[in-house]
Amino acid sequence: MREIDSKQITDVVARLCVDANRHLAPDVRECIEGCRACEPWPIAQNILDRIIENYNIADETEMAICQDTGLACVFLEIGQDVHVNGSIEDAVNEGVRRGYTDGFLRKSCVEEPLGARKNTLDNTPGMIYYDLVPGDQIKITVAPKGFGSENMSQIKMLKVSEGAEGVKNFVLKAVEEAGPNPCPPIIVGVGIGGTFDKAALIAKKALLRHTGEHNPVPYYADMEKELLEKINALGIGPQGFGGKTTALAVHIETMPTHIAGLPVAVNINCHVARHKTEVL
Amino acid sequence: MEPIRITTPLTPEVARTLKSGDSVLISGVIYTGRDAAHKRLCQLLEEGKPLPIDVKNQIIYFVGPSPAKPGMAIGSAGPTTAYRMDAYSPALIEQGLTGMIGKGKRGPAVIDAMKKCGCVYFGAIGGAGALLSKCIKKAEVVAYEDLQSEAIRRLEVEDLPVTVIIDAEGRNLYEWGRADYLKTQE
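So the sequence lines, in the order shown, correspond to chains A and B.
Per our numbering, residue 1 is the first one in the first sequence, and the count goes up by one each step.
Per our numbering, residue 281 is the first one in the second sequence, and the count goes up by one each step.
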């Protein structure tokens, strides 16, 4: 049994909150720059240039890439052979508190969804996701999630008979209805299967994948390619002003489901697709 | 196409000369406001009370900036999604508001009020808050400090780059921009 001090978790979470919000990950940059090179529409080219300029400014000035520094989504993969000294939840929230305060990040969390909607003033609590895995390490990923894109996400319990066509139509409908609202170009996370809640969970986890990397199963990899092509034929374009680059990538995750069910969830991320990881 | 330079205050007459698709650089004073501040402003209007800012011939930027680092005027400051202000914007346009800066779709009641009163909906690039912050030279909270990032701020801006999405005739870049692009793909 390996011992890990909860303070180490706090340090990592604090560091990742700041790093993720200021420095866009290389995989997202490569994808945006690749799409810029293939974008035929002048106004769309101009917007993609500005988006690239923006994340370079954020790099140089150590400033948040986007003012919506999101709810702090923290994904923990905890090795079964690890014992943590102290409360993991408290350690994560202390990391969020420190990262968002010391890093000049916006505090966007309200105490309760209705009523006074009072700001918690330190962006806690983090949205924490726990997975138990083999081994004696803890993998921590911080993925701040803005709500311009989160608000455009959708879930539906399809009939089994609707099949793959039903899934594809639902994804395309979600992107079409979102239009310019989620700050395109977007990344589309799709969760198929599981239960109502698990479909949404794997759609969110799909957004953590290295941008543009395909599902290892050829059938779903082909579906990702087909959906990306169809989304980028919609013409919405960067910021919705028209153009090819509506989406940077489509990531599909699946899991087993019930004989009577076909849940599908679409979690949309904006072009400021933040995710940073460290292993303890 | 060369951008059009405007300086606030923005009169309805000048607002009506701006056309959907125009690139515009805004200089002068503008005000920030988003969900919570809009809600309070409209409550005051309903109660017949005066607003903490005079919106006549003014521009409201839908933004909740991130905190300023020492020595900076403001933190990252890009637009938030505008449809959440749709319930409130018509009342402010009736009070003389001539410009809104945001991103994303607007509803028919907002567009009707814009056409009636001479108001323009500008788009700033969503997710480009670091770039946009460079155009903001000064920021001070003028109302609702308790709302933190959602407080109303008075901003002094220089050449803030925006695009006219919906003009005072109701022409909408989200509709025709996409259609024009798709025509080239046929």
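Glycine included, each C-beta is placed from N, C-alpha and C at the ideal position.
These numbers come from a predicted model, not from an experiment.
What residues of chain B sit near residue i, judged by a beta carbon separation below 8 Å?
i: residue 239 of chain A; result: 383, 403, 405 and 406
i: residue 271 of chain A; result: 407
i: residue 151 of chain A; result: 361
Going along chain A in order, which residues have a C-beta closer than 8 Å to the C-beta of residue i?
i: residue 347 of chain B; result: 104, 105 and 106
Within its chain, find whatever has a CB closer than 7 Å to the CB of residue i; leave out the 5 residues flanking it on each side and keep chain order.
i: residue 447 of chain B; result: 298, 299, 300 and 400
i: residue 255 of chain A; result: 193, 194, 198 and 202
i: residue 209 of chain A; result: 251
i: residue 292 of chain B; result: 378, 397 and 398
i: residue 337 of chain B; result: 289, 290, 291, 376 and 378
i: residue 286 of chain A; result: With chain A running from 1 to 280 in the structure shown, residue 286 of chain A is simply not present.
i: residue 171 of chain A; result: 188, 190, 227 and 266
i: residue 153 of chain A; result: 266, 267 and 268
i: residue 286 of chain B; result: 294, 304 and 306
i: residue 390 of chain B; result: 366, 369 and 370
i: residue 454 of chain B; result: 385 and 445
Could you work out which residues of chain B lie near residue i, taking near to mean beta carbons separated by less than 9 Å?
i: residue 63 of chain A; result: 346, 349, 352, 355, 356, 409, 410 and 413
So what does DSSP say about residue i, is it helix, strand or coil?
i: residue 17 of chain A; result: helix
i: residue 276 of chain A; result: strand
i: residue 439 of chain B; result: strand
i: residue 281 of chain B; result: coil
i: residue 399 of chain B; result: coil
i: residue 262 of chain A; result: strand
i: residue 112 of chain A; result: coil
i: residue 430 of chain B; result: helix
i: residue 37 of chain A; result: helix
i: residue 87 of chain A; result: coil
i: residue 52 of chain A; result: helix
i: residue 378 of chain B; result: coil
i: residue 409 of chain B; result: helix
i: residue 290 of chain B; result: coil
i: residue 450 of chain B; result: coil
i: residue 392 of chain B; result: helix
i: residue 298 of chain B; result: coil
i: residue 303 of chain B; result: strand
i: residue 255 of chain A; result: strand
i: residue 62 of chain A; result: coil
i: residue 70 of chain A; result: coil
i: residue 423 of chain B; result: strand
i: residue 5 of chain A; result: strand
i: residue 455 of chain B; result: helix
i: residue 284 of chain A; result: Lying outside 1 to 280, the shown extent of chain A, residue 284 of chain A is not represented and no answer is given.
i: residue 223 of chain B; result: Nothing about residue 223 of chain B can be read from this structure; chain B reaches only from 281 to 466.
i: residue 101 of chain A; result: helix
i: residue 198 of chain A; result: helix
i: residue 57 of chain A; result: helix
i: residue 360 of chain B; result: coil
i: residue 47 of chain A; result: helix
Closer than 7 Å by beta-carbon distance: list the chain B residues that pair up with residue i, in chain order.
i: residue 281 of chain A; result: Outside the shown range of chain A, which is 1 to 280, sits residue 281 of chain A, and nothing can be said about it.
i: residue 67 of chain A; result: 343, 344, 345, 346, 355, 356, 357, 358 and 409
i: residue 148 of chain A; result: 360, 361 and 406
Just to make sure I have the definition right: I need the residues of chain A whose C-beta is within less than 7 Å of the C-beta of residue i. Which are they?
i: residue 461 of chain B; result: 41, 235, 237, 242 and 243
Which residues in chain A have a C-beta closer than 9 Å to the C-beta of residue i? List them in chain order.
i: residue 429 of chain B; result: 67, 106, 107, 108 and 119
To which residues of the same chain is residue i closer than 8 Å at the C-beta, ignoring the five residues directly before and after it?
i: residue 50 of chain A; result: none
i: residue 465 of chain B; result: none
i: residue 263 of chain A; result: 155, 156, 157, 158, 191, 192, 193, 194, 195, 196, 198, 199 and 257
Can you list, in chain order, the residues of its chain whose CB lies under 6 Å from that of residue i, leaving out five sequence neighbours each side?
i: residue 331 of chain B; result: 321 and 324
i: residue 175 of chain A; result: 231
message: Could you tell me which whole beta strand (DSSP E) segments of length 3 or greater appear in the segment 119 to 152 of chain A?
response: 127 to 133 and 138 to 145
- prompt: Hey, which unbroken runs of the alpha helix (DSSP H) at 4 residues or more fall wholly within the segment 206 to 253 of chain A?
  reply: 218 to 231
- prompt: Going along the chain, which residues of the segment 74 to 87 of chain A sit with their C-beta nearer than 7 Å to a C-beta in chain B?
  reply: none
- request: Note down, in chain order, all residues in the segment 23 to 57 of chain A with a beta-carbon under 8 Å from any beta-carbon belonging to chain B.
  value: 40, 41, 43, 44, 47, 50, 51, 53, 54, 55 and 57
Chain-ordered residues of the segment 183 to 194 of chain A with a beta carbon less than 7 Å from chain B: 183
query: Going along the chain, which residues of the segment 1 to 26 of chain A sit with their C-beta nearer than 8 Å to a C-beta in chain B?
result: none
message: Suppose only complete runs of 3+ residues qualify. What are the beta strand (DSSP E) ranges in the segment 151 to 193 of chain A, listed by chain order?
response: 154 to 158
task: Check each residue of the segment 307 to 322 of chain B: if its Cβ is closer than 8 Å to any Cβ of chain A, include it; give the result in chain order.
output: 316
message: To be precise: take each residue of the segment 431 to 459 of chain B, compare its Cβ to all Cβ atoms of chain A, and keep it if any distance is under 9 Å. Which residues remain?
response: 441, 443, 445, 453, 454, 456, 457, 458 and 459
Within the segment 307 to 345 of chain B, ranges of the beta strand (DSSP E) (whole runs, at least 3 residues): 339 to 341
- prompt: For the segment 156 to 187 of chain A, which residues have a CB atom closer than 7 Å to at least one CB atom of chain B, in sequence order?
  reply: 179, 180, 181 and 183
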